[in-house]
Amino acid sequence: MPTLKYLAGYPADLLAQVQQLIDAGRLGETLARRYPLGHEVRSDTALFDYTMALKNRYLRNAPPLSKVCFDAKLKVLQHALGTHTRASRVQGAKLTSKREIRVASLFKEAPAEFLKMIVVHELAHLKELDHNKAFYQLCQHMEPAYGQLEFDLRLYLTHQDLQAAEACHD
20 MPTLKYLAGY PADLLAQVQQ LIDAGRLGET LARRYPLGHE VRSDTALFDY
70 TMALKNRYLR NAPPLSKVCF DAKLKVLQHA LGTHTRASRV QGAKLTSKRE
120 IRVASLFKEA PAEFLKMIVV HELAHLKELD HNKAFYQLCQ HMEPAYGQLE
170 FDLRLYLTHQ DLQAAEACHD
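In terms of our numbering, the sequence shown opens at residue 20 and continues consecutively.
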């Protein structure tokens, strides 16, 4: 049984179900049926607008964002699908702060729901820095299906790895 690295920590019975889908060659088909639609967010400008629309809907009082972009350097292996950074700088007598969200480029091609999940995750970091109960409650507030989407994204990443491994062996 190949290592299900993105699913570490999930119950053994759930992992067995995932393994059955993989063994039957149905993981990709199952995900495609569940998430058939892509999205049109392909540029950094479109991603900024998409993120700001979610921020303005759910987090109006959160600090402003200065940049939102896709980042080809973010690697899934380093467990970074998106990042939220803050940089403070002294300008004269004022302290200014810039906040950025970077989303891994793989989300340009991922289903629309997964893009929303990762943007919601990074937006939640504007209010909650740690992955604590309040953080996940905020994620659920912005996207009620957050928990399921996070799990399914892990399935999607597993499927991507399996496809890449097959391509290497062909």
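Glycine included, every Cβ here is placed at the ideal spot set by N, Cα and C.
1) Report yes if the C-beta distance between P82 and L145 is below 8 Å; otherwise report no.
2) Is the beta carbon of T70 less than 8 Å from the beta carbon of I120?
3) My guess is that F154 and E147 are in contact by the Cβ rule of under 8 Å, so how many angstroms apart are they, rounded?
4) Could you check the C-alpha separation between L56 and E132 for me, to the nearest Å?
5) Helix, strand or coil for M20? Go by DSSP, reduced to three states.
6) From Q182, Y77, A51 and V87, pick the residue whose C-alpha is nearest to that of V122; which is it?
7) Would K127 and R61 qualify as a contact pair, given that the criterion is a beta-carbon distance under 8 Å?
8) Where L172 and S116 are concerned, what is the direct C-alpha to C-alpha distance, given to the nearest angstrom?
9) Checking contacts by CB at 8 Å: is I120 closer than that to chain D?
10) Using the DSSP secondary-structure output, state which residues sit across from F89 in a beta bridge.
11) Determine whether the beta carbon atoms of R191 and L84 lie at a separation below 8 Å.
A quick look at the data gives this:
1) Yes, these two residues count as a Cβ contact at 8 Å.
2) Yes.
3) Contact between F154 and E147 holds: CB atoms are separated by about 4 Å, below the 8 Å threshold.
4) 8 Å
5) The pLDDT assigned to M20 is 43, lower than 50, so where the model puts this residue is not dependable; a value taken from the coordinates is nonetheless given after this. The answer is coil: DSSP assigns M20 none of H, G, I, E or B.
6) V87
7) yes
8) 32 Å
9) The structure shown contains no chain D, having only a single protein chain.
10) V122
11) This structure cannot speak to residue 191, because the chain is shown only from 20 to 189.
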